Amino acid sequence: MRRWAAWCGAALAALVVAVPAAQAAREPEVFLGAAMSSDMRPDQRRDAVRNFSAITTENAFKWGEMSPRRGVTDFSVTDRMVAWATRNGLRIRAHNLFWHRLQLPDWVTGVVRRSAAPRRTLRRLMVSRARKVAGRYRGRIAIWDVVNEPLALTGPGWDAGDVFHDTLGESYIDLAFRSAHAADPRARLFLNELVWNPALGDPKAGALLALVERLKRRHVPIDGVGIQVHGMIGLAPPWFPESTATLTRYLRALGRLGVDVEVTELDVALPLLGPVADPLAAQAKAYAKVARACARVRRCTGLTVWGLRDPDSWLDTDPTTRGRAPNRPLLLDGKGRRKSAYRAVVEALGERRR
Ligand code: G3I
Numbered sequence: 275m276r277r278w279a280a281w282c283g284a285a286l287a288a289l290v291v292a293v294p295a296a297q298a299a300r301e302p303e304v305f306l307g308a309a310m311s312s313d314m315r316p317d318q319r320r321d322a323v324r325n326f327s328a329i330t331t332e333n334a335f336k337w338g339e340m341s342p343r344r345g346v347t348d349f350s351v352t353d354r355m356v357a358w359a360t361r362n363g364l365r366i367r368a369h370n371l372f373w374h375r376l377q378l379p380d381w382v383t384g385v386v387r388r389s390a391a392p393r394r395t396l397r398r399l400m401v402s403r404a405r406k407v408a409g410r411y412r413g414r415i416a417i418w419d420v421v422n423e424p425l426a427l428t429g430p431g432w433d434a435g436d437v438f439h440d441t442l443g444e445s446y447i448d449l450a451f452r453s454a455h456a457a458d459p460r461a462r463l464f465l466n467e468l469v470w471n472p473a474l475g476d477p478k479a480g481a482l483l484a485l486v487e488r489l490k491r492r493h494v495p496i497d498g499v500g501i502q503v504h505g506m507i508g509l510a511p512p513w514f515p516e517s518t519a520t521l522t523r524y525l526r527a528l529g530r531l532g533v534d535v536e537v538t539e540l541d542v543a544l545p546l547l548g549p550v551a552d553p554l555a556a557q558a559k560a561y562a563k564v565a566r567a568c569a570r571v572r573r574c575t576g577l578t579v580w581g582l583r584d585p586d587s588w589l590d591t592d593p594t595t596r597g598r599a600p601n602r603p604l605l606l607d608g609k610g611r612r613k614s615a616y617r618a619v620v621e622a623l624g625e626r627r628r
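Residues in the sequence shown are numbered from 275 upward in steps of one, following our numbering.
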């Protein structure tokens, strides 16, 4: 009997020792993802599967892309992307259900502005879109960017001409998240924003923290906040973040509000790093700064770069940035080869486990 008791004691002791080790090993990984354009070229599909564990739909799920005309919802691209990503075991970030500033179809604004009951009209349009689109992929989308960039581009307020905020005030965000949750209770629901360097006093970063706090206080079903970090890192203000410490502090502050955080649209335009001896090394360093901040914040669950190969980047076509093309801002070069920035990101994210 004594031998049996001794064996149980030893086994229990081993189990107690094992649990913390197992727990440490179970430290949540930070997934590495990339934005995928709607054409999903064969080389892009290969790049995504070989180098990432998640994709964000760069444009496919945007309202203007799916419903250019009232009464039309074109699922052809999103069906193809979701089916392909699911078949290949890639986590899907669907971006986005609602964005007032770009790719919102003109007919939405027109219908609401002409309505005798604009509040009811907009509510119905939003609930219908969430039900139709998020409902169609119920159980297959890991994360929805439910509302993209609700705040004004700079400063603490809201954009003039924002049909959502003009019509419903801030409560449109509550409605967006509640509708998305009703349509797909299993998807994790994110608010995605672009903030400037809080260390330089831009009030937008503080305004986002205050917004998230109000949403949580109203029991809005928000699971996370995406911080885009379109990287003009190390540049003169107001680009954000200048340092790992600044970003770490900010991501932690968001996590303390009871939400997960992700870096959702990281890119680092080479020309913006200034005249440096080794631009690719400087780029790798800038990427590592951001990845390290995410690795250090327990509630930072993912890092997504905004495109697959350098030539795929929006920066080379957007009117505000194409003047500097080729920006070469991503982790894969023009032939899909991993750049030093890719290795730097993987190494920095690995700090989570060490
Ligand atoms: O789909 C039309 C096509 O029919 C037309 O022939 C073509 C030429 O005009 O335009 C196509 O639409 C373009 C769309 O991307 C899809 O390719 C728009 O002009 C173009 O402005 C749009 O750019 C996207 C941009 O958001 C504007 O919405 C970029 O690809 C996309 O990378 C960028 O991503 C945003 C995130 O959603 C939110 N955070 C900021 C980020 C960068 O702006």
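By construction, the Cβ of each residue, glycine as well, lies at the ideal position given by its N, Cα and C atoms.
This one's a predicted model, so the numbers in the text were calculated from it and none came from an experiment.
{"Check": "Endpoints, the alpha helix (DSSP H) within which residue 540 is located", "Outcome": "Unbroken run through residue 540 is the beta strand (DSSP E), 534 to 542; no alpha helix (DSSP H)."}
{"Check": "Reference residue 533; option with closest CA among 487, 543, 424, 591", "Outcome": "487"}
{"Check": "Residue environment, residue 298, which counts as buried when at least 16 other CB atoms sit within 10 Å", "Outcome": "Residue placement at residue 298 is flagged as unreliable, the pLDDT there being 44, under the threshold of 50; the coordinate-derived value follows with that caveat. Exposed: under 16 other Cβ atoms inside 10 Å."}
{"Check": "Any non-hydrogen atom of the ligand G3I closer than 7 Å to residue 592 Cβ", "Outcome": "yes"}
{"Check": "Sequence-distant residues of the same chain with beta carbon closer than 6 Å to residue 461, five excluded per side", "Outcome": "415, 418"}
{"Check": "Residue burial classification, residue 390 (beta-carbon count within 10 angstroms, cutoff 16)", "Outcome": "exposed"}
{"Check": "Own chain residues within Cβ distance below 7 Å of residue 544, not counting five before or after", "Outcome": "553, 557, 601, 602, 603"}
{"Check": "Exposure label - residue 362; buried when at least 16 CB within 10 Å", "Outcome": "exposed"}
{"Check": "Check whether residue 465 and residue 496 have beta carbons under 8 Å apart", "Outcome": "yes"}
{"Check": "Per DSSP, cross-strand counterpart(s) of residue 421", "Outcome": "372, 465"}
{"Check": "Given residue 584 as reference, the closest of 540, 328, 449, 570 once Cα atoms are compared", "Outcome": "540"}
{"Check": "Counted within 10 angstroms of its Cβ, other Cβ atoms place residue 292 as buried (16 or more) or exposed", "Outcome": "Bear in mind that a pLDDT of 39 at residue 292, under 50, signals an unreliable position, so the number given afterwards is only what the model happens to contain. Classification for residue 292: exposed."}
{"Check": "Cβ distance (whole Å) where residue 330 is taken to contact residue 578 below 8 Å", "Outcome": "5 Å"}
{"Check": "Buried or exposed (CB count within 10 angstroms, at least 16 for buried), residue 353", "Outcome": "exposed"}
{"Check": "Sequence-distant residues of its chain with Cβ nearer than 8 Å to residue 373 (five each side left out)", "Outcome": "336, 337, 421, 422, 423"}
{"Check": "Sub-8 Å separation of residue 381 and residue 428 beta-carbons", "Outcome": "no"}
{"Check": "Buried versus exposed call for residue 576 [16 or more other C-beta atoms within 10 Å across all chains shown]", "Outcome": "buried"}
{"Check": "Supposed close pair residue 327, residue 365 - CB separation, criterion 8 Å", "Outcome": "6 Å"}
{"Check": "Beta-carbon proximity check, residue 526 vs residue 571, cutoff 8 Å", "Outcome": "yes"}
{"Check": "Run of the alpha helix (DSSP H) containing residue 360, from where it starts to where it stops", "Outcome": "350 to 361"}
{"Check": "Segments assigned beta strand (DSSP E), at least 3 residues, entirely inside the region 545 to 622", "Outcome": "574 to 579"}
{"Check": "Length of the line joining the Cα atoms of residue 379 and residue 448", "Outcome": "21 Å"}
{"Check": "Inter-stretch contact at 8 Å, needing at least 3 Cβ pairs: the region 591 to 601 / the region 563 to 570", "Outcome": "no"}
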